[in-house]
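Novice: Pasting a structure below so you can have a look.
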Amino acid sequence: MKKRVYINATSAISPNGVKGEDNILHAIEPDYKDIITNANLRRRMSHIVKMGVACGLLCLEKNGDRPINAIITATGLGCLADTEKFLNSIIENEERLLNPTAFTQSTFNVIGAQIALLTNNHCYNNTFVHRGLSFESALIDTMMQINEGDSNVLVGAIDEATPTTYTILKGLGLIENITMGEGAQFFVLSNENSATNNISLKGVKTYSGKYNSAQQAEFIKNFLADNSLNTNDISCFITGDNGMQDSIYTDVNKLFPSATNKTFKDICGEYPTASSYGFYLAVDYLENHPPDTQNVLIYNAYNNTNHSLILLEK
Amino acid sequence: MKIYVTGVGAISGIGLNVGEHLTSLASNKHGMGPVTLFPTTLNAVVSEVKCSNDKLKEILKLPFDKTYSRTTLLGMVAAKEALESSGIKNVNAFRTGFISSTSVGGMDLSEQAYVNFRNNPQQSDVQKFSQHDCGDSTQRIADYLGITEFTTTISTACSSAANAVIMGARMIKNGLLDAVVVGGTDALCKFTLNGFNSLMILDNEHCRPFDRSRSGLNLGEGAGYIVLQNEYSLYSNPYCLLTGYANANDAYHQTATSPEGEGTYECMRQSIELAGINPSDVGYINVHGTGTPNNDLSEGKAIERLFKDKVPPFSSVKAFIGHTLGAAEGIEAVLSVLSVTNGIVYPNLNFKNLIDNSNLIPITEYKQGLPLKHVLSNSFGFGGNDSSLLFSFI
Numbered sequence: 037m038k039k040r041v042y043i044n045a046t047s048a049i050s051p052n053g054v055k056g057e058d059n060i061l062h063a064i065e066p067d068y069k070d071i072i073t074n075a076n077l078r079r080r081m082s083h084i085v086k087m088g089v090a091c092g093l094l095c096l097e098k099n100g101d102r103p104i105n106a107i108i109t110a111t112g113l114g115c116l117a118d119t120e121k122f123l124n125s126i127i128e129n130e131e132r133l134l135n136p137t138a139f140t141q142s143t144f145n146v147i148g149a150q151i152a153l154l155t156n157n158h159c160y161n162n163t164f165v166h167r168g169l170s171f172e173s174a175l176i177d178t179m180m181q182i183n184e185g186d187s188n189v190l191v192g193a194i195d196e197a198t199p200t201t202y203t204i205l206k207g208l209g210l211i212e213n214i215t216m217g218e219g220a221q222f223f224v225l226s227n228e229n230s231a232t233n234n235i236s237l238k239g240v241k242t243y244s245g246k247y248n249s250a251q252q253a254e255f256i257k258n259f260l261a262d263n264s265l266n267t268n269d270i271s272c273f274i275t276g277d278n279g280m281q282d283s284i285y286t287d288v289n290k291l292f293p294s295a296t297n298k299t300f301k302d303i304c305g306e307y308p309t310a311s312s313y314g315f316y317l318a319v320d321y322l323e324n325h326p327p328d329t330q331n332v333l334i335y336n337a338y339n340n341t342n343h344s345l346i347l348l349e350k
Numbered sequence: 087m088k089i090y091v092t093g094v095g096a097i098s099g100i101g102l103n104v105g106e107h108l109t110s111l112a113s114n115k116h117g118m119g120p121v122t123l124f125p126t127t128l129n130a131v132v133s134e135v136k137c138s139n140d141k142l143k144e145i146l147k148l149p150f151d152k153t154y155s156r157t158t159l160l161g162m163v164a165a166k167e168a169l170e171s172s173g174i175k176n177v178n179a180f181r182t183g184f185i186s187s188t189s190v191g192g193m194d195l196s197e198q199a200y201v202n203f204r205n206n207p208q209q210s211d212v213q214k215f216s217q218h219d220c221g222d223s224t225q226r227i228a229d230y231l232g233i234t235e236f237t238t239t240i241s242t243a244c245s246s247a248a249n250a251v252i253m254g255a256r257m258i259k260n261g262l263l264d265a266v267v268v269g270g271t272d273a274l275c276k277f278t279l280n281g282f283n284s285l286m287i288l289d290n291e292h293c294r295p296f297d298r299s300r301s302g303l304n305l306g307e308g309a310g311y312i313v314l315q316n317e318y319s320l321y322s323n324p325y326c327l328l329t330g331y332a333n334a335n336d337a338y339h340q341t342a343t344s345p346e347g348e349g350t351y352e353c354m355r356q357s358i359e360l361a362g363i364n365p366s367d368v369g370y371i372n373v374h375g376t377g378t379p380n381n382d383l384s385e386g387k388a389i390e391r392l393f394k395d396k397v398p399p400f401s402s403v404k405a406f407i408g409h410t411l412g413a414a415e416g417i418e419a420v421l422s423v424l425s426v427t428n429g430i431v432y433p434n435l436n437f438k439n440l441i442d443n444s445n446l447i448p449i450t451e452y453k454q455g456l457p458l459k460h461v462l463s464n465s466f467g468f469g470g471n472d473s474s475l476l477f478s479f480i
């Protein structure tokens with residue numbers, strides 16, 4: 037894809053590294069009534085929907101409310117609390133006279149749809165729900181939209197932590213010694229450098245399966261070569277190290293001996309779209325470092341099977 | 087760049103493969119009946135795939151002792167048929183991706199497991215939830231097909247599969263893939279049946295799309311996939327071209343459509359514009375036509391606004407296969423491909439009387455061998471998510 041994809045605005049509603057008594061990193065939420073001003077709409081929204089919609093609206097505001105040509109969202113597990121609420125109501129009321137709100141608010145695309153509704157946006161609207169690669173899929177869609185001629189795309193990711201998910205993931209052995217988290221991150225990507233910071237998204241690569249260190253190294257080197265770079269060109273290497281899969285991350289870290297190493301799951305916790313917080317952190321790093329050419333690479337492995345590489349440059 | 091359609095595969099209440107679909111459609115044989123897949127107190131009419139999970143495993147040569155969500159099994163059957171009909175023998179010879187959609191994922195397993203879980207979370211068998219997320223069925227189907235290139239899942243309610251087709255076509259056009267299997271799969275489950283019932287948009291009788299007496303939809307289940315390729319990766323004679331597609335948002339209401347069908351109009355208009363043709367070139371429309379008073383009225387208005395006094399022949403197949411949600415446009419894309427390739431139009435069952443203040447009479451007889459150049463297919467979802475696809479004769 038030929039066109040350069042600038043990152044003009046970012047927003048996050050994240051746990052900021054503060055763990056709750058339940059050992060989960062819960063997002064620190066803003067006062068929603070200042071952001072989602074329609075009280076009726078807000079009342080129907082569950083935690084994840086409020087978090088996502090508010091984060092999206094904040095991002096649009098930071099972008100000077102410029103017109104948006106596409107809204108693309110990502111979520112690994114969707115609106116779990118409302119899904120569970122509706123399941124409970126089916127059982128408790130024996131399928132009779134159910135309130136449809138939890139059902140209609142549990143659809144995976146509800147956040148992108150509500151942002152479109154609130155901003156009267158009739159443009160392209162899509163939602164990716166592919167585990168640890170949902171956000172990356174949304175970024176690929178975004179890059180294509182811009183390459184096809186769109187000027188401003190709102191792209192974001194949202195996942196929520198619920199007590200039931202915690203119990204299930206614990207039971208499945210997926211979060212042993214790993215802190216579960218949640219959050220929402222949104223970005224405006226554009227063909228114009230309107231934020232004048234010259235920060236752009238250069239490439240995204242996803243792959244699934246279990247690979248050894250040598251294979252991982254090959255994936256990473258090939259991805260960099262596709263973008264005319266080698267490992268020495270990376271000034272900051274951000275990994276999805278969650279304290280558990282350290283062997284994967286230790287080995288890939290060795291590929292970048294001269295780069296600054298950063299992690300993000302200590303701040304946002306582990307969840308399917310956590311790499312969107314890594315992306316948020318990467319933009320922040322580039323904004324706050326000297327203007328000479330900088331490349332930041334994010335490597336994330338979700339459940340050690342969904343791998344992604346995201347490359348940003350300034 | 088041209089996007090060729092080279093493979094088709096479908097499973098639904100009217101057939102386990104594409105051939106059976108055409109036979110059923112040609113003989114007015116619908117798939118409706120009572121719910122048999124799970125116990126329910128609802129008196130609903132649904133179109134179930136007439137095949138148990140064990141029978142599906144047998145067709146797929148999968149081990150009987152392993153658990154798969156019905157969404158996965160249905161998807162495997164249709165995706166396998168699509169890939170085989172494309173002539174692609176080795177998916178790794180070119181960059182072949184898989185983009186699938188679903189609205190419920192493994193909910194058929196989760197909703198059963200949840201009954202025990204809610205009473206005793208700590209003692210419950212949580213393994214049963216491991217196939218819950220939407221990506222699980224997609225990954226299992228990709229593994230079954232041997233696809234290791236780009237794989238992802240889309241979920242935008244009832245337009246999901248159309249958006250999977252659009253994403254796949256764009257990935258080829260942007261040079262990211264050479265071939266891609268695209269479509270969707272959804273199993274019928276208690277969760278969605280109760281969801282649509284709570285919205286009071288289910289008809290307890292056989293649905294009547296575009297008829298004055300229509301009073302709701304019937305749910306269905308199934309899966310449908312098509313194979314898209316660029317010209318460099320072609321093995322066989324393609325069925326047709328995918329020349330137009332668009333997604334637009336109604337931005338009106340979470341579950342209802344705007345009275346004038348703003349999003350509906352836009353996605354049809356943009357699809358035709360992308361193909362570089364005129365509305366009068368469209369020879370047949372496979373409408374969304376769910377049979378709800380709201381959908382058919384606003385879809386009809388949008389069609390009349392776009393095509394004016396030259397509305398092409400159109401019909402809804404929902405009275406045959408039900409509304410299969412995340413699979414709907416997968417199955418209907420297959421039917422639209424066959425429509426433009428073989429000049430077929432499908433009957434709209436149960437049409438008797440015109441909707442008030444409308445002149446829209448759907449096709450009520452199966453015909454083939456018609457000189458169709460372009461076929462438009464619509465699907466609209468919750469959240470005002472509206473998509474159209476346009477297939478063209480080669």
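Protein chains in written order, with the numbering used here: chain B, 37 to 350; chain R, 87 to 480.
Backbone N, C-alpha and C fix where the C-beta goes; we use that ideal spot for every residue, glycine too.
Predicted model only: the values in this text are computed from it and were never measured.
Say whether the stretch 100 to 111 of chain B touches the stretch 210 to 219 of chain R, bearing in mind that this needs 3 or more beta-carbon pairs closer than 8 angstroms, one atom from each stretch.
Specialist: No, they do not touch.
Novice: Quick one: grab the DSSP three-state call for B/LYS301.
Specialist: Residue 301 of chain B sits at position 265 when you count from the first residue of the first sequence. DSSP places B/LYS301 in helix when its eight states are reduced to three.
Novice: Are the CB atoms of R/HIS292 and R/HIS409 within a distance shorter than 9 angstroms?
Specialist: In the second sequence, the residue the question calls residue 409 of chain R occupies position 323. In the second sequence, the residue the question calls residue 292 of chain R occupies position 206. Result no, Cβ atoms of R/HIS409 and R/HIS292 do not sit closer than 9 angstroms.
Novice: Quick one: Cα of B/ASN157 to Cα of B/SER187, how far?
Specialist: The count along the first sequence starts at 1 and reaches residue 157 of chain B at position 121. The count along the first sequence starts at 1 and reaches residue 187 of chain B at position 151. Cα to Cα, the separation comes out at about 14 angstroms.
Novice: Can you tell me which residues form a DSSP beta bridge with B/GLU306?
Specialist: To locate residue 306 of chain B, count along the first sequence from 1; it is residue 270. B/GLU306 is bridged to B/MET216.
Novice: Can you say whether R/ALA309 is buried or exposed, counting buried as having 16 or more other CB atoms within 10 angstroms of its CB?
Specialist: In the second sequence, the residue the question calls residue 309 of chain R occupies position 223. Result: buried.
Novice: Between R/ARG256 and chain B, is any beta-carbon pair separated by less than 9 angstroms?
Specialist: Walking along the second sequence from the start, residue 256 of chain R turns up at place 170. Closer than 9 angstroms: yes.
Novice: Would you report the Cα separation of R/THR238 and R/ASN129, rounded to the nearest angstrom?
Specialist: Reading the second sequence from its first residue, position 152 is the one you call residue 238 of chain R. Reading the second sequence from its first residue, position 43 is the one you call residue 129 of chain R. Taking the straight line from one Cα to the other gives about 36 angstroms.
Novice: Would you please verify whether the beta carbon of R/PHE468 is less than 9 angstroms from any beta carbon of chain B?
Specialist: One-based indexing of the second sequence puts residue 468 of chain R at position 382. Answer yes: the Cβ-Cβ gap between R/PHE468 and chain B drops below 9 angstroms somewhere.
Novice: Thinking C-alpha only, which one of B/ASN124, B/VAL165 and B/SER142 is nearest R/THR188?
Specialist: Counting from 1 along the second sequence, the entry for residue 188 of chain R is found at position 102. Among B/ASN124, B/VAL165 and B/SER142, the Cα nearest to that of R/THR188 is on B/VAL165.
Novice: I'd like to confirm the pairing. Which residues does DSSP put opposite R/ALA388 in its beta bridges?
Specialist: The residue labelled residue 388 of chain R in the question sits at position 302 within the second sequence. Partner(s): none; R/ALA388 has no beta bridge.
Novice: Identify, in the order they occur along the chain, each residue of the same chain with its Cβ nearer than 6 angstroms to the Cβ of R/SER402, setting aside the five sequence neighbours on each side.
Specialist: Stepping through the second sequence from its first residue, residue 402 of chain R is reached at position 316. Answer for R/SER402: PRO295, VAL373, GLY375 and ASN434, listed in chain order.
Novice: Roughly how many angstroms lie between the CA atoms of R/SER98 and R/ARG156, to the nearest whole one?
Specialist: In the second sequence, counting from the first residue as 1, residue 98 of chain R sits at position 12. In the second sequence, counting from the first residue as 1, residue 156 of chain R sits at position 70. Taking the straight line joining both Cα atoms gives about 12 angstroms.
Novice: Alpha carbon to alpha carbon, what distance is there between B/THR200 and B/GLU128?
Specialist: By one-based count along the first sequence, residue 128 of chain B stands at place 92. By one-based count along the first sequence, residue 200 of chain B stands at place 164. Computed Cα separation, rounded: 18 angstroms.
Novice: What do you get for R/SER138, buried or exposed, if any count of 16 or more other CB atoms within 10 angstroms of its CB means buried?
Specialist: Within the second sequence, residue 138 of chain R is the residue found at index 52, counting from 1. Classification for R/SER138: exposed.
Novice: R/LYS115 bridges to which residues according to DSSP?
Specialist: In the second sequence, the residue the question calls residue 115 of chain R occupies position 29. The partner list for R/LYS115 (beta bridge, DSSP) is empty, contrary to what the question assumes.
Novice: Please compile the residues from chain B whose C-beta is within a distance smaller than 7 angstroms of the C-beta of R/VAL201.
Specialist: The sequence position of residue 201 of chain R within the second sequence is 115, counting from 1. Under the 7 angstroms cutoff, chain B gives ILE127.
Novice: When DSSP labels each residue in this structure, what does R/LEU159 get in the three-state scheme?
Specialist: Here residue 159 of chain R refers to the residue found at position 73 when the second sequence is read from its first residue. Here R/LEU159 sits in helix by DSSP.
Novice: Under the DSSP definition of a beta bridge, which residues are partnered with B/TYR338?
Specialist: Along the first sequence, one-based indexing puts residue 338 of chain B at 302. Answer is B/ASN342, bridged to B/TYR338.
Novice: Please name the residues in the stretch 211 to 222 of chain R whose beta-carbon is closer than 9 angstroms to at least one beta-carbon of chain C, in chain order.
Specialist: Here the protein chains are B and R, and chain C is not one of them.
Novice: Answer with buried or exposed for R/ASN445, where buried requires no fewer than 16 other C-beta atoms within 10 angstroms of its C-beta.
Specialist: Here residue 445 of chain R is taken as the residue at index 359 of the second sequence, counted from 1. R/ASN445 comes out exposed.
Novice: Taking Cβ to Cβ, would you say R/PHE479 is nearer than 9 angstroms to R/CYS326?
Specialist: By one-based count along the second sequence, residue 479 of chain R stands at place 393. By one-based count along the second sequence, residue 326 of chain R stands at place 240. Yes; because the gap between Cβ atoms is below 9 angstroms, this pair is in contact.
Novice: Using 9 angstroms as the limit for Cβ to Cβ distance, is R/TYR338 near chain B?
Specialist: Position 252 of the second sequence, counted from the first residue, corresponds to residue 338 of chain R. Closer than 9 angstroms: yes.
Novice: Would you list the one or two residues that DSSP bridges to R/CYS326?
Specialist: By 1-based counting over the second sequence, the position of residue 326 of chain R is 240. Answer by DSSP bridge pairing, in chain order: R/VAL91.
Novice: Would you mind reading off the limits of the beta strand (DSSP E) that contains R/THR315?
Specialist: Start at 1 with the first residue of the second sequence, and residue 315 of chain R comes out as number 229. Looking at the sequence shown, residue 315 of chain R is not Thr but Gln. Taken as a continuous stretch (DSSP letters only), the beta strand (DSSP E) holding R/GLN315 covers 308 to 315.
Novice: Would R/SER322 pass as a contact of R/SER425 if the rule is Cβ separation under 9 angstroms?
Specialist: The sequence position of residue 322 of chain R within the second sequence is 236, counting from 1. The sequence position of residue 425 of chain R within the second sequence is 339, counting from 1. For R/SER322 and R/SER425, no; Cβs fall outside 9 angstroms.
Novice: Let's see if you can read the secondary structure: which residues bound the beta strand (DSSP E) around B/ALA110?
Specialist: Position 74 of the first sequence, counted from the first residue, corresponds to residue 110 of chain B. Residues 106 to 110.
Novice: In the DSSP assignment, find the beta strand (DSSP E) that holds R/PHE479 and state where it starts and stops.
Specialist: Here residue 479 of chain R is taken as the residue at index 393 of the second sequence, counted from 1. R/PHE479 -> no beta strand (DSSP E), and no H or E assigned at all.
Novice: Smallest Cα separation from R/LEU288: which of R/LEU320, R/ASN380 and R/ASN205?
Specialist: Stepping through the second sequence from its first residue, residue 288 of chain R is reached at position 202. R/LEU288 has its Cα closest to that of R/ASN380, out of R/LEU320, R/ASN380 and R/ASN205.
Novice: In the DSSP assignment, the alpha helix (DSSP H) including B/THR201 goes from what residue to what residue?
Specialist: Sequence index remark: in the first sequence, residue 201 of chain B carries index 165 (1-based). 199 to 207 is the span of the alpha helix (DSSP H), which, as asked, contains B/THR201.
Novice: Can you pull out the residues from the stretch 272 to 289 of chain R whose beta carbon lies closer than 9 angstroms to at least one beta carbon of chain B?
Specialist: The residues in question are LYS276, PHE277, THR278, LEU279, ASN280, GLY281, PHE282, ASN283, SER284, LEU285 and MET286.
Novice: Thinking C-alpha only, which one of B/THR329, B/SER249, B/SER230 and B/LYS298 is nearest B/GLY314?
Specialist: Here residue 314 of chain B refers to the residue found at position 278 of the first sequence. The residue with the shortest Cα to Cα distance from B/GLY314 is B/LYS298.
Novice: Below 8 angstroms on the Cβ atoms is my contact criterion, and I expect B/GLY92 with B/ILE151 to pass it. Report the Cβ-Cβ distance as a whole number of Å.
Specialist: As a working note, residue 92 of chain B is residue 56 in the first sequence. As a working note, residue 151 of chain B is residue 115 in the first sequence. With 8 angstroms as the limit, B/GLY92 and B/ILE151 qualify as a contact, their Cβ atoms being about 5 angstroms apart.
Novice: Roughly how many angstroms lie between the CA atoms of B/PHE300 and B/LEU317, to the nearest whole one?
Specialist: Locating residue 300 of chain B in the first sequence gives position 264, where the first residue counts as 1. Locating residue 317 of chain B in the first sequence gives position 281, where the first residue counts as 1. Taking the straight line joining both Cα atoms gives about 7 angstroms.
Novice: Spell out a yes or no on whether the stretch 242 to 256 of chain R and the stretch 184 to 203 of chain R are touching, meaning 3 or more CB-CB pairs, one atom from each, closer than 8 angstroms.
Specialist: The answer is yes - the stretch 184 to 203 of chain R touches the stretch 242 to 256 of chain R, with three or more Cβ pairs under 8 angstroms.
Novice: Indicate whether at least one CB of chain B lies closer than 9 angstroms to the CB of R/PRO457.
Specialist: One-based indexing of the second sequence puts residue 457 of chain R at position 371. It does not; no Cβ of chain B falls within 9 angstroms.
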